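**Q**
In the numbering used here, the protein residues as written are 29 to 155.
1. Against chain B, with Cβ distances strictly below 8 Å, would residue 76 count as a contact?
2. To the nearest angstrom, how far is the alpha carbon of residue 114 from that of residue 63?
3. Assuming residue 92 and residue 122 form a contact by the criterion Cβ under 8 Å, report the distance between their Cβ atoms to the nearest whole angstrom.
4. Could you tell me the boundaries of the alpha helix (DSSP H) in which residue 123 lies?
5. Find the nearest neighbour of residue 118 within the set 94, 135, 102, judged by alpha-carbon distance.
6. Take residue 130 and list the residues in its own chain whose beta-carbon comes closer than 8 Å to its own, dropping the five residues that flank it on each side.
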C-alpha cells in the first residue's frame, strides 16, 4: 500500500509542472484575448469617430455651398478659379468645424452606429 501511495505521489509530482505550465498558458491566453478585445474596441471607436466626423464635415461643406448659392455672386467668384477656391474653402471650413465639435451631427451618428452594433442581428445570431 505504501509503495502504491509513493508511486501515486511521484506521478503527481511529475504532473505538477505540466499543470502549472497549463495554468500559466491559460492565464496568458485570457490576458491576450482581453488585450485583443480592447484593441478591437479602440480601433472600432476610432473608425466610427473618424467616419462620423468626415460625414459631418461633408454635410457642413454642403450647407455652406447651398447657402452661398442663395447669395448673389461677387467679383471674386465670377471666374472658375474663384469657384474652385470657394469649394476648397467650404470643404476646409467643414473639416475644421467638425473637428471642433461641429453641429453635433458626428456625435449623434457615432452614438447611433454604436447602438446599431450592440443590437444582435439575424446574421450575428447565426454565428
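Ideal Cβ placement from N, Cα and C applies to all residues, glycine included. If you're wondering where the values come from, they're calculated on a predicted model, not measured in any experiment.
**A** Per the coordinate set shown:
1. Of the chains in the structure shown, none is chain B; there is only one protein chain.
2. 46 Å
3. 7 Å
4. 108-127
5. 94
6. 81, 84, 85, 88
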